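As structure tokens, the structure follows; a few thoughts come after it.
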């Protein structure tokens, strides 16, 4: 049985992927640094301060998070990951997306061939419900199904 959540579409698209969940803010620079600078093909999270994601592969996952945190380069990091084909399958925010993450995801949507739907405002219930490994299906209207 699946549970349905509805959020706001930041970048449209459809995706089905395995959930990877962070209960705390995701520092995009720290998380993607190894993948972008040193060629980590599995795109393992390099942020040792994020106990939920550290050393877990992020490539092609449904990245479920409350928000992004950290450096003002966050948007550019998301864009670069997408340009190199190292982006998650989708990004699902329980809170409203911040301007830096929004800019990076929108630029990636416009300037790359990467498909990465981004939905925000899914709510605390979403983040409390979803667990690593659950199947996530994202629809173009902002509906997120969690199984």
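Residue numbers (the working numbering): 40 to 186. All residues carry an ideal CB built from backbone N, CA and C; glycine is no exception. Being a predicted model, the structure only gives us computed values, none of them experimental.
Alpha-carbon spacing of residue i relative to residue j, whole angstroms
i, j, result
"residue 183", "residue 101", "11 Å"
"residue 82", "residue 64", "18 Å"
"residue 149", "residue 138", "16 Å"
For residue i, the three-state DSSP class (helix, strand or coil)
i, result
"residue 155", "coil"
"residue 67", "helix"
"residue 144", "helix"
"residue 81", "coil"
"residue 184", "strand"
"residue 139", "helix"
"residue 57", "strand"
"residue 166", "helix"
"residue 122", "helix"
"residue 128", "coil"
"residue 102", "strand"
Contact test: residue i Cβ vs the ligand MG heavy atom, cutoff 8 Å
i, result
"residue 149", "As presented, the structure is devoid of all ligands, the ligand MG included, so that no description of it is given."
Beta-ladder partner(s) of residue i, from DSSP
i, result
"residue 44", "183"
"residue 174", "57"
Neighbourhood of residue i by C-beta, 6 Å cutoff - its chain only, sequence neighbours within 5 removed
i, result
"residue 157", "49, 50, 130 and 144"
Presumed contact (8 Å Cβ cut-off) between residue i and residue j, rounded CB distance
i, j, result
"residue 140", "residue 113", "6 Å"
Proximal residues to residue i (C-beta, below 7 Å), its chain only, five neighbours per side dropped
i, result
"residue 45", "181 and 182"
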